[in-house]
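In the numbering used here, the protein residues as written are 305 to 409. Quick reminder that beta carbons are idealized off the backbone N, C-alpha and C, glycines included. Remember, predicted model here, so these are calculated numbers, not experimental data. Note sheet for the following structure.
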Amino acid sequence: MAFLEADVGRPVILAGHSMGATVSLLAAAEVPKVVKRLVLFDPAVMPRAWDGHKERRADAPLVLGALKRRATFRAKRRLSGPLWGAESSGFTLTGHPLVWRCAHH
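Structure follows, in structure tokens:
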């Protein structure tokens, strides 16, 4: 995020799929002034509103799995500290040098 603030100098559009979408969402929450828009494809999070809907969850094993991952990810994030720890660095894109620099700085 420091790279985006220092080198890019203007808000950016972050895009991600699955855990990459979750990382983008967390980055935007952590430093909102750096993010202009989010493009999230199938983020690995579920809204808190789902927690109270047991009747929906009973028929949706994928929802139960996502809720379990959300709780696990939240616990790991609390233990690991900064957003760009080992848990999230494996889910960032590395193909284009600019994307790599944005994701790892």
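Terminal residues of the continuous beta strand (DSSP E) containing residue i?
| i | result |
| --- | --- |
| residue 320 | 316 to 321 |
Please name the residue or residues paired with residue i in a DSSP beta bridge.
| i | result |
| --- | --- |
| residue 344 | 320 |
| residue 338 | Per DSSP, none; premise fails for residue 338. |
Could you tell me if residue i is buried or exposed, where buried requires 16 or more neighbouring beta carbons within 10 angstroms of its beta carbon?
| i | result |
| --- | --- |
| residue 318 | buried |
| residue 320 | buried |
| residue 322 | exposed |
| residue 325 | buried |
| residue 339 | buried |
| residue 343 | exposed |
| residue 306 | exposed |
| residue 332 | buried |
| residue 310 | exposed |
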